[in-house]
Each structure stands twice: as structure tokens, then as C-alpha cells.
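Structure first, then comments.
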Amino acid sequence: MNRAPGMVDVAREAGVSHITVSRVLNNHPSVRPETRARVEAAIEKLGYRRNSVARALKSRRSSTIGLVLAGTELYELPRILRGVQTTAQRAGYWVNLASWQGGTTMDLAETLQRLTDQAVEAIAVIADRPMVVDALADIVTGVPMTVIMSGNVPNPDLGFVELDQEFGARLAVRHLLELGHRHIAHLTGSLRTFDARARVEGWRAALRDEAGARGELLEGDFTGNSGYRLAHYLVTREGHERPTAIFAGNDQMAMGVLAAFAELGVRVPDDVSLVGFDDIAGAAYLVPALTTVRQDFVALGERSIEQVLRMMRGEPASCERIPPELVVRRSTAPPRPRG
Numbered sequence: 006m007n008r009a010p011g012m013v014d015v016a017r018e019a020g021v022s023h024i025t026v027s028r029v030l031n032n033h034p035s036v037r038p039e040t041r042a043r044v045e046a047a048i049e050k051l052g053y054r055r056n057s058v059a060r061a062l063k064s065r066r067s068s069t070i071g072l073v074l075a076g077t078e079l080y081e082l083p084r085i086l087r088g089v090q091t092t093a094q095r096a097g098y099w100v101n102l103a104s105w106q107g108g109t110t111m112d113l114a115e116t117l118q119r120l121t122d123q124a125v126e127a128i129a130v131i132a133d134r135p136m137v138v139d140a141l142a143d144i145v146t147g148v149p150m151t152v153i154m155s156g157n158v159p160n161p162d163l164g165f166v167e168l169d170q171e172f173g174a175r176l177a178v179r180h181l182l183e184l185g186h187r188h189i190a191h192l193t194g195s196l197r198t199f200d201a202r203a204r205v206e207g208w209r210a211a212l213r214d215e216a217g218a219r220g221e222l223l224e225g226d227f228t229g230n231s232g233y234r235l236a237h238y239l240v241t242r243e244g245h246e247r248p249t250a251i252f253a254g255n256d257q258m259a260m261g262v263l264a265a266f267a268e269l270g271v272r273v274p275d276d277v278s279l280v281g282f283d284d285i286a287g288a289a290y291l292v293p294a295l296t297t298v299r300q301d302f303v304a305l306g307e308r309s310i311e312q313v314l315r316m317m318r319g320e321p322a323s324c325e326r327i328p329p330e331l332v333v334r335r336s337t338a339p340p341r342p343r344g
């Protein structure tokens, strides 16, 4: 046989009608035990497998949730995916993965359409920048959809779940202010992304709340190289006072800062305090151990699937923010007087 065996082949092998085969496959109680045994033997012999896609398209019940990776700067993706996968499987669903790396709204709509053509029952979109959410504003999929790691979604039919980046930045900067720092530089990640923009807003808000506090903003791109480069600039530039504390856009950038300071003889935290963001693996073992903001990316994935499951039950879309927490280690200390 040059093709995959079908239900008709099973019926012919077992000497029954294809309706009887269908009843066996669906555990219909009207099939006699000996007939069921013949059909099951034929299925085993021929290696027949049900066409789950065809059944799903007919019933609109595929037990599948679509997941779209929409962006190129999706940090900590493995932990998000772990939360998505485990929560979906616990609820009896598989995850069908697709990717959109930019382009037109039509391209994104086509990606979503391909998922709905496969009868997914809901869709979650991991978005890293505003253009993704803007593209989703007028797209109608016909299934519940939520956006992960997003800012405010302009389409009221879409839910969103995000880690509260602005709150996390406030925690970091307040910690430095409480230690007595009044000149705090922020080395940002790529300002094309939601995360970097929100952390800038949190940094600014915390400084506004503290009389006499000031800051300066230098844009990086979330890489260790940009942290290294910007730290070199802060130390070697002429005619400017060095900040007493740095809030780095993420832990990779903070690692670059540490490397630059080690080369330049700047001591952390004696000369400059340093705070990162994300609490990546190994942050506690840097020298000095890095004070940072811990985010629960697994919970982000879990909550996104929990949200679409609620929407599948008819509940309205909602907006959820997960608060991060500050982890204080040895890279921060009160500022020392400068001679």
C-alpha cells in the first residue's frame, strides 16, 4: 500500500462496514465484543491512525492551543514556554507553535489564520514590542486570544498578561535611594521593546518621588557588550560627575558593567552600586553577587494559558500584571564620600 491506510481499508480487512469501524473508534456501546476485537486487530495489522486534523476541523475541538512567538528579543523564552506547556497539558491541551519575526499586519494575520485553519481553540501571542500589539488591534481570529509580555492592548477582545516591569524598576531604584544614592544612571535595554520602556518609566517615577534625586539615561540593547561599552563611557568621559549607582537594563548588561569596572579599577559597590534585572542563573555567583529584580517567567507562561482557558469558558478578556521582587545581594551599598 503506497498510502496511509484509511477507515475503508480497516473495514475491508475486518469484514465490516466503515460505520462499524467508526463506532469502534468512538467506543460506541452497540458494537459486539467479537466485532470490536476484529476491528482492533485490523487496525493493529494495518497500522491505521485516525486523521485528528480532519476530525478537529469538523468538530472544532482539537484540544490544541496556538502559540505565536512574535519578536526577536524574547528573553527568558524557555521558562515562559515551560509554563505554557505544563499548564496546557495539565488542562488536556497540546501547544501548536508558530513564529512571526516582523513584517506587515497581513503577515501576522496569515500566521494566525494558519493556526485557526488547524482548528486551534485559542491563541497566545508572546510579543516583545509595541508594533506587535498595534498589528493585533484589528485582527479577528474567531477564537480567544491573549498577549504575553505586552503593554496595553487596544483591542478589548484580547487579554494580556505581563510581568510588571515598571513596578520592578521602581523597586530597584527605591532600594538605591533608600541606601542614600541621589545620582542614579539607567543603562536601558532596546527601547523598541515593552520591557525597556517600562523600566525607564519606573526609573523616572522613582526619581520623581525623591527630592534631590537625579539621573541620566543611556540606551543600550540588553547585551553584555552594551553594558560594557556604556560603563566605559561613564568612567572615562570628561567634564561629568560619575553616578554613585547604576540601574542596568538587565543582568547581562550588569555583567558587562562589572567587566568594564574591573578593567578600569572601579570597585562595586565601594565606588558605584549596581542593580540588574531578571535574576538570571548565576547572578548570585558574580563578584560581587548581583542585586537584581527577580521575575517569574514560568508563572507568566502559566497565567497566560489559564487566562485563555477562562476565555474559552466564556469569561471576558482581562489584563493581568505579575509583580516581580527585589533580591538584595552584595553589589549595592550606601554611597561613600568622594574626596
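FYI, this note's numbering numbers position 50 of the sequence shown as 55, with every residue one higher than the one before it.
The beta carbon of each residue, even a glycine, is placed where N, CA and C say it ideally should be.
Pro248 CB to nearest chain C CB: under 8 Å?
-> The structure shown contains no chain C; it is built from a single protein chain.
Give the range of the alpha helix (DSSP H) segment to which Ile23 is assigned.
-> For the sequence presented, residue 23 should be read as His rather than Ile. According to the DSSP assignment, His23 belongs to the alpha helix (DSSP H) that extends over His23 to Leu30.
Which full runs of the alpha helix (DSSP H) of 4+ residues lie inside the region 151 to 205, going along the chain?
-> Annotation note: the region 151 to 205 contains the following uninterrupted alpha helix (DSSP H) runs of length 4 or greater, listed N- to C-terminal: 170 to 184.
Please name the residue or residues paired with Arg326 in a DSSP beta bridge.
-> For Arg326, which the question treats as bridged, DSSP gives the partners Glu167.
Express the C-alpha separation of Arg17 and Phe302 in angstroms, rounding to a whole number.
-> Phe302 and Arg17: Cα-Cα distance of roughly 53 Å.
What's the C-alpha gap between Leu331 and Glu183?
-> Between the alpha carbons of Leu331 and Glu183 lies a distance of about 13 Å.
The alpha helix (DSSP H) spanning Val145 covers which residue range?
-> Here Val145 belongs to no alpha helix (DSSP H), and DSSP marks it neither H nor E.
Around the C-beta of Ala267, are 16 or more other C-beta atoms found within 10 angstroms, so that it is buried, or is it exposed?
-> Ala267 counts as exposed, since fewer than 16 other beta carbons sit within 10 angstroms of its beta carbon.
Where are the beta strand (DSSP E) runs, 3 residues long or more, that stay fully inside the region 207 to 274, in chain order?
-> Runs found: 219 to 224 and 250 to 253.
Who are the near neighbours of Ala46 in its chain, counting only those whose CB is closer than 8 Å to its CB and skipping five residues on each side?
-> Taken in chain order, the residues that qualify are Ala19.
From the DSSP output, in three-state form, read off Ser35 for me.
-> Three-state DSSP puts Ser35 in coil, outside helix and strand.
Look at the alpha carbon of Val58 and the alpha carbon of Gly220, and state the distance between them as a whole number of angstroms.
-> Because the pLDDT at Val58 is just 49, under 50, the model does not fix this residue reliably, and the point stays unresolved.
Hey, Gly207 and Phe172 are a contact pair by Cβ (cut 8 Å); roughly how many whole angstroms apart?
-> With 8 Å as the limit, Gly207 and Phe172 qualify as a contact, their Cβ atoms being about 7 Å apart.
For the alpha helix (DSSP H) holding Ile310, just list the boundary residues, first then last.
-> Phe302 to Met317 is the span of the alpha helix (DSSP H), which, as asked, contains Ile310.
Alpha helix (DSSP H) containing Arg17: first to last residue?
-> Unbroken alpha helix (DSSP H) run through Arg17: Met12 to Ala19.
If you draw a straight line from the alpha carbon of Gly71 to that of Arg242, how long is it in whole angstroms?
-> Between Gly71 and Arg242, the C-alpha separation is close to 50 Å.
Which residues does DSSP pair with Val70 in a beta bridge?
-> What sits at residue 70 in the sequence shown is Ile, not Val. In the DSSP output, where bridge partners are listed per residue, Ile70 has Val100 and Ala127.
Just tell me which of His186, Gly97 and Val89 has its CA closest to the CA of Asp276.
-> Of the candidates His186, Gly97 and Val89, the one whose C-alpha sits nearest the C-alpha of Asp276 is His186.
Identify, in the order they occur along the chain, each residue of the same chain with its Cβ nearer than 6 Å to the Cβ of Ser64, setting aside the five sequence neighbours on each side.
-> Per-residue confidence for Ser64 stands at a pLDDT of 48, beneath the threshold of 50, marking its modelled position as unreliable; no derived number is given.
Given Val137 as reference, the closest of Gly147, Glu126, Asn160 and Val148 once Cα atoms are compared = Residue Asn160 is the option with its Cα nearest to Val137.
Identify which residue in Asn230, Pro34 and Arg341 has its Cα closest to the Cα of Val273.
-> Put simply, of Asn230, Pro34 and Arg341 the residue whose alpha carbon is nearest the alpha carbon of Val273 is Arg341.
Run through DSSP, which three-state label would Val277 get?
-> Here Val277 sits in coil by DSSP.
Does the region 142 to 152 come within contact of the region 290 to 306, defined as at least 3 CB pairs closer than 8 Å?
-> With a cut-off of 8 Å, the region 290 to 306 and the region 142 to 152 do not count as touching, because too few Cβ pairs lie within range.
Thr296 - partner residues in DSSP beta bridges = Per DSSP, the beta-bridge partners of Thr296 are Val280.
How is Leu291 classed by DSSP in three states: helix, strand or coil?
-> Correct three-state label for Leu291: coil.
Could you give the distance in angstroms between the alpha-carbon of Ala264 and the alpha-carbon of Pro328?
-> C-alpha separation (whole angstroms): 30 Å.
Any idea if Tyr233 is buried or exposed, counting beta-carbon neighbours within 10 angstroms, 16 or more meaning buried?
-> That one is buried.
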